[in-house]
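Participant:
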Amino acid sequence: MEVARGTHKFDTGPFNWYLVEDAGRLTLVDAGFPGHYRAFRDGLAAIGRTVADVAAVVLTHAHADHMGIADRVGREANAPVYIHKDDAAAAGRILQLPWYGLLSRAWRPYTARMLAHATWNGVFGTPRVRNPMPMDDGQTLDVPGRPQVIHTPGHTPGEVSLLFADRGLLISGDTLVTRDLYSGATGHPQVTHPLLSHDYAEAFRSLDRLAGLGRLRMLPGHGTPWDGDLRDAVALAKGLRRK
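Under my numbering, the first residue of the sequence shown carries the number 1, and numbering increases by one thereafter.
Here it is in structure tokens:
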């Protein structure tokens, strides 16, 4: 499904990941779970592309719901897999998720369904990313779409947002989301719950790095797209801060 100019989202429930087209070449941004490979293959076919057209994989952070097919696609396409240097070590380990925050709320119907989806799609078999390519804050990646890396730590130490300035687009990963992962409700931009964050206070401080980006379409790691001035997105997220 095209969600912005030359940018496609895969239909994999509450877990968002994207494909950016540029001059016939592709950048995969985040990579779902291992069981989502079929959705990836079908999505490529729907736009007349193959895995050979993937020039790079870029990960917003090292959590299993974002890394599932990253290593496989990187190997099949002979493409680098980028991740921020502060998450590079975590990308080389298995089962990277905020497990306490998820399992302690597994009694909530939406969270239980989300965990079931993850299990069915191979979360426990998510492979390590071998030889990730480290990226740094402020770097413009020489990959299709040429995103600028904005380091927005908090959800993980190496969480990033990716600015595609010429498209008026921000892929925010889990820095800002529009879905509450405990209730399933979608709406305003928000920071993920403290139990799902590595450093909740730092996650809020990182929002200030996005506030001056202007009017954009924001594509989050969870939830629906949001359109508007990023100052408003940040203000809404700070207004929703949990006590």
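All C-beta atoms, glycine included, are put in the ideal place defined by N, C-alpha and C.
Under 7 angstroms Cβ to Cβ from W120, same chain only, skipping five residues before and after it: list those, please.
Facilitator: Numbered from 1 along the sequence shown, position 120 holds the residue referred to as residue 120. Excluding residues within five positions, the ones whose Cβ falls inside 7 angstroms are G35.
Participant: So L162 and V58 are in contact, right, with Cβ under 8 angstroms, and what is the actual spacing, rounded?
Facilitator: The residue given as residue 162 occupies position 162 in the sequence shown. The residue given as residue 58 occupies position 58 in the sequence shown. About 7 angstroms separates the two Cβ atoms, so the contact holds.
Participant: Pop quiz: A89 and H66 are said to be a contact at Cβ under 8 angstroms. What is the actual Cβ separation, rounded to whole angstroms?
Facilitator: As a first step, residue 89 must be located in the sequence shown, where it is residue number 89. As a first step, residue 66 must be located in the sequence shown, where it is residue number 66. In fact, because the Cβ distance is near 16 angstroms, the residues do not count as touching under 8 angstroms.
Participant: Could you check which residue in E76, M218, T27, A185 has the C-alpha nearest to that of T111?
Facilitator: Here residue 111 refers to the residue found at position 111 when the sequence shown is read from its first residue. Cα-wise, what sits closest to T111 is A185.
Participant: Counting along the chain, where does the beta strand (DSSP E) carrying W226 start and finish?
Facilitator: The residue labelled residue 226 in the question sits at position 226 within the sequence shown. Per DSSP, W226 belongs to the beta strand (DSSP E) from 226-229.
Participant: With 16 other CB atoms within 10 Å as the buried threshold, where does F124 fall?
Facilitator: Translated into the one-based positions of the sequence shown, residue 124 becomes position 124. Flag for F124 reads exposed.
Participant: Measure how close the beta-carbons of P157 and H198 come, nearest whole angstrom, since I'm counting them as under 8 angstroms.
Facilitator: Mapped onto the sequence shown, residue 157 falls at position 157. Mapped onto the sequence shown, residue 198 falls at position 198. So it is a contact: roughly 6 angstroms between Cβ atoms.
Participant: If the criterion is Cβ atoms closer than 7 angstroms, does the pair H84 and M133 meet it?
Facilitator: Within the sequence shown, residue 84 is the residue found at index 84, counting from 1. Within the sequence shown, residue 133 is the residue found at index 133, counting from 1. Contact flag unset, no.
Participant: Could I get the ranges of all uninterrupted beta strand (DSSP E) runs contained in the stretch 153-184, with 3 residues as the minimum, in chain order?
Facilitator: 160-164, 169-173, 177-179, all fully within the stretch 153-184.
Participant: From G270 to Q190, what does the alpha carbon distance come to, in whole angstroms?
Facilitator: Absent from the structure is residue 270, since the part of the chain shown begins at 1 and ends at 243.
Participant: Grouping DSSP H, G and I as helix and E and B as strand, with all else coil, what is T27?
Facilitator: Position 27 of the sequence shown holds residue 27. Strand.
Participant: Using alpha carbons as the reference points, say which of R41, R25, R5 lies closest to D245.
Facilitator: Here the chain comprises residues numbered 1 to 243, so residue 245 is not present and cannot be evaluated.
Participant: Is the Cβ-Cβ distance between R215 and D229 less than 7 angstroms?
Facilitator: Here the question's residue 215 lines up with position 215 in the sequence shown. Here the question's residue 229 lines up with position 229 in the sequence shown. Going by C-beta atoms, R215 is nearer than 7 angstroms to D229.
Participant: Roughly how many angstroms lie between the CA atoms of R113 and V73, to the nearest whole one?
Facilitator: Reading the sequence shown from its first residue, position 113 is the one you call residue 113. Reading the sequence shown from its first residue, position 73 is the one you call residue 73. Their Cα atoms are separated by approximately 27 angstroms.
Participant: Taking the alpha-carbon positions, what's the V143 to D22 distance?
Facilitator: Residue mapping note: residue 143 aligns to position 143 of the sequence shown, counting from 1. Residue mapping note: residue 22 aligns to position 22 of the sequence shown, counting from 1. Near 9 angstroms, if we compare the C-alpha coordinates of D22 and V143.
Participant: Would you mind sorting R130 into buried or exposed? The rule is 16 or more other CB atoms within 10 Å of its CB.
Facilitator: For the purposes of this step, residue 130 is taken as residue 130 along the sequence shown, with counting starting at 1. With fewer than 16 other Cβ atoms within 10 Å, it is exposed.
Participant: Quick one, are the C-beta atoms of P109 and T178 less than 7 angstroms apart?
Facilitator: Taking the sequence shown and counting its residues from 1, the one referred to as residue 109 is at position 109. Taking the sequence shown and counting its residues from 1, the one referred to as residue 178 is at position 178. Not a contact, by the Cβ cut-off of 7 angstroms.
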